[in-house]
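Engineer: Remember, my numbering sits 3 above the position in the sequence shown when you count from 1.
Each residue gets a CB set at the ideal place from its N, CA and C atoms; glycine is no exception.
On a predicted model such as this, the values are computed, not experimentally measured, just so you know.
Once you've had a glance at the structure underneath, I'll fire off some questions.
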Amino acid sequence: MEDRGSRHTRDAYAEALLELGEKNLRVVVMDADLASSTQTGKFRDRYPDRFFNCGVAEQNLMGTAAGLAAAGKVVFASTFAMFATGRAYDQVRNTIAYSDLNVKIVATHGGITVGEDGSSHQANEDIALMRVIPNMKVIVPADFFEAREAVKAAAELPGPVYVRLSRSKSPVIFDEGYAFDFGRARIMRPGRDLTIFSTGLMTWHCLLAAEELEKKGAQAEVVHLATVKPLDHAAVVDSVARTGRALSVEEHSVLGGLGGALAELLAERWPARLRRLGIPDVFGTSGTADELLEHFGLTAHHIARAAEELMEEKGVEAL
Numbered sequence: 004m005e006d007r008g009s010r011h012t013r014d015a016y017a018e019a020l021l022e023l024g025e026k027n028l029r030v031v032v033m034d035a036d037l038a039s040s041t042q043t044g045k046f047r048d049r050y051p052d053r054f055f056n057c058g059v060a061e062q063n064l065m066g067t068a069a070g071l072a073a074a075g076k077v078v079f080a081s082t083f084a085m086f087a088t089g090r091a092y093d094q095v096r097n098t099i100a101y102s103d104l105n106v107k108i109v110a111t112h113g114g115i116t117v118g119e120d121g122s123s124h125q126a127n128e129d130i131a132l133m134r135v136i137p138n139m140k141v142i143v144p145a146d147f148f149e150a151r152e153a154v155k156a157a158a159e160l161p162g163p164v165y166v167r168l169s170r171s172k173s174p175v176i177f178d179e180g181y182a183f184d185f186g187r188a189r190i191m192r193p194g195r196d197l198t199i200f201s202t203g204l205m206t207w208h209c210l211l212a213a214e215e216l217e218k219k220g221a222q223a224e225v226v227h228l229a230t231v232k233p234l235d236h237a238a239v240v241d242s243v244a245r246t247g248r249a250l251s252v253e254e255h256s257v258l259g260g261l262g263g264a265l266a267e268l269l270a271e272r273w274p275a276r277l278r279r280l281g282i283p284d285v286f287g288t289s290g291t292a293d294e295l296l297e298h299f300g301l302t303a304h305h306i307a308r309a310a311e312e313l314m315e316e317k318g319v320e321a322l
């Protein structure tokens, strides 16, 4: 993989908000006393009359966001993923999603790469929680450029959207001209022996794993699913129909996230062997982002080994 450096997806969020704020006077931004962490403070500094800090009161944040959306605003509501999807779940479900209101919940600090803050702040269940709410759309960008374009796309989508961003920097995969295509899978690397489905920051690690597998003579197809809901059913089934095996990789619980969505789809549309890599049914723990990815088996080496095991089941001669 070409080294293009690493950047924060939350910085991409700030950049997108500034662009949206200039183009659309209906755009307003809300936060729960975390503007310096979520990077919404940059919007506050430029458009103070369209920024609202609700304090450490996430339920009020979501309720007020619903009210502003009902009044015709395009609302971006931000805090850490744990608070947006956990503490304020009732308001997100019953006030925002039930009425199909135009609120974009852009949550930072998702997953175990929150790091040293530990299990209380590691939202490993947020995708599952948001995915099961009717009317909610779920996007998990892979890098800076995809995050920036996904936020801009979310502003144009009707109804509620959940966008999951990270705390730590992540490697840049795409380039300045990247065009986000909501609801569509992206084949990052074609292959024939199995499909590795990924979302969010894991896509970089899956591409590295595919390179490792290629050195051993195996061709893994890497399919990036930035849109977890609605899932690109046709692309998923088409890929698995060609490769015969699927491996899902996500920085999220193996229950209810991308792996769960794929299992549901494949069980109904194209029964195939699927293995899910993610956080097992346990709470997170404290450590650096890299230490935790290693601890939970989400580095390129672990992904490649899981793929090898699947292909050995299939009988790929190269392995």
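Is it the case that the Cβ atoms of S251 and L204 are separated by a distance below 8 Å?
Structural biologist: The answer is no: Cβ separation not under 8 Å.
Engineer: Going by other Cβ atoms of all chains shown within 10 Å of its Cβ, with 16 needed for buried, is G8 buried or exposed?
Structural biologist: With fewer than 16 other Cβ atoms within 10 Å, it is exposed.
Engineer: For the alpha helix (DSSP H) holding N63, just list the boundary residues, first then last.
Structural biologist: Residues E61 to A73.
Engineer: In this structure, how does DSSP classify F183 when only helix, strand and coil are distinguished?
Structural biologist: Here F183 sits in coil by DSSP.
Engineer: Could you pull out every unbroken alpha helix (DSSP H) segment of at least 4 residues lying fully inside the segment 113-199, listed in chain order?
Structural biologist: Within the segment 113-199, the complete alpha helix (DSSP H) runs of at least 4 residues are 129-134 and 147-159.
Engineer: Taking the alpha carbon of T288 as the reference point, which residue from R49, E316 and V117 has its own alpha carbon closest?
Structural biologist: If we check each option's Cα against that of T288, V117 comes out closest.
Engineer: Quick check: the Cα distance between A19 and L277, rounded to an integer number of angstroms?
Structural biologist: Roughly 36 Å separates the two Cα atoms.
Engineer: Alpha helix (DSSP H) containing S39: first to last residue?
Structural biologist: Where S39 is concerned, the enclosing alpha helix (DSSP H) stretches over A38 to T41.
Engineer: Are the CB atoms of A87 and E61 nearer to each other than 8 Å?
Structural biologist: Yes; because the gap between Cβ atoms is below 8 Å, this pair is in contact.
Engineer: Quick check: the segment 294-312 against the segment 205-219, are at least 3 beta-carbon pairs closer than 8 Å?
Structural biologist: Yes, the segment 205-219 touches the segment 294-312.
Engineer: Are the beta-carbon atoms of L345 and H208 separated by less than 8 Å?
Structural biologist: Outside the shown range of the chain (4 to 322) lies residue 345, about which nothing can therefore be said.
Engineer: Per the contact definition of three or more C-beta pairs closer than 8 Å, is the segment 144-151 in contact with the segment 171-182?
Structural biologist: Yes: at least three Cβ pairs fall under 8 Å.
Engineer: Taking the Cβ atom as the reference point for each residue, do M4 and L211 lie within a distance shorter than 8 Å?
Structural biologist: Taking 8 Å as the Cβ cut-off, M4 and L211 qualify as a contacting pair.
Engineer: Tell me, please, which residues DSSP counts as bridged to R279.
Structural biologist: BP columns for R279 point to S251.
Engineer: Is the separation between the beta-carbon of T230 and that of F185 shorter than 8 Å?
Structural biologist: For T230 and F185, yes; Cβs fall inside 8 Å.
Engineer: Measuring only the C-alpha atoms, how far is S173 from K26?
Structural biologist: Roughly 28 Å between the two C-alpha positions.
Engineer: By Cβ distance, which residues of its chain are closer than 8 Å to R187, with the 5 residues on each side in sequence left out?
Structural biologist: The residues are T230, D235 and A238.
Engineer: Taking just the CA atoms, how far does G194 sit from K107?
Structural biologist: The straight-line gap from Cα to Cα measures roughly 35 Å.
Engineer: What is the DSSP secondary structure of K45, counted as helix, strand or coil?
Structural biologist: Reduced to three states, the DSSP call for K45 is helix.
Engineer: Return the first residue and the last residue of the alpha helix (DSSP H) that A80 is part of.
Structural biologist: Per DSSP, A80 belongs to no alpha helix (DSSP H); it is in the beta strand (DSSP E), V77 to S81.
Engineer: In angstroms, rounded to a whole number, what distance separates the CA positions of A275 and G262?
Structural biologist: The alpha-carbon atoms of A275 and G262 are separated by roughly 13 Å.
Engineer: Is DSSP giving A244 helix, strand or coil here?
Structural biologist: Residue state, collapsed to three classes: helix.
Engineer: Mind checking who N56 pairs with in its DSSP beta bridge?
Structural biologist: Looking at the DSSP assignment, N56 forms a beta bridge with D34.
Engineer: Rounded to the nearest angstrom, how far is the Cβ of L23 from that of A182, given a contact under 8 Å?
Structural biologist: Contact flag wrong, Cβ pair sits at about 17 Å.
Engineer: Which one or two residues does DSSP pair with M201 in a beta bridge?
Structural biologist: A small fix is needed here, since residue 201 is Ser in this sequence, not Met. BP columns for S201 point to H227 and V252.
Engineer: With G259 and A131 assumed to form a contact (beta carbons below 8 Å), what rounded beta-carbon distance in angstroms separates them?
Structural biologist: That pair is a contact at about 3 Å.
Engineer: Report the partner residues of V109 according to the DSSP bridge assignment.
Structural biologist: V109 pairs with V166.
Engineer: Go ahead and pull the three-state DSSP assignment for K219.
Structural biologist: Reduced to three states, the DSSP call for K219 is coil.
Engineer: Relative to the alpha-carbon of A17, which residue among K45, R10 and D6 has its alpha-carbon at the smallest distance?
Structural biologist: The residue with the shortest Cα to Cα distance from A17 is K45.
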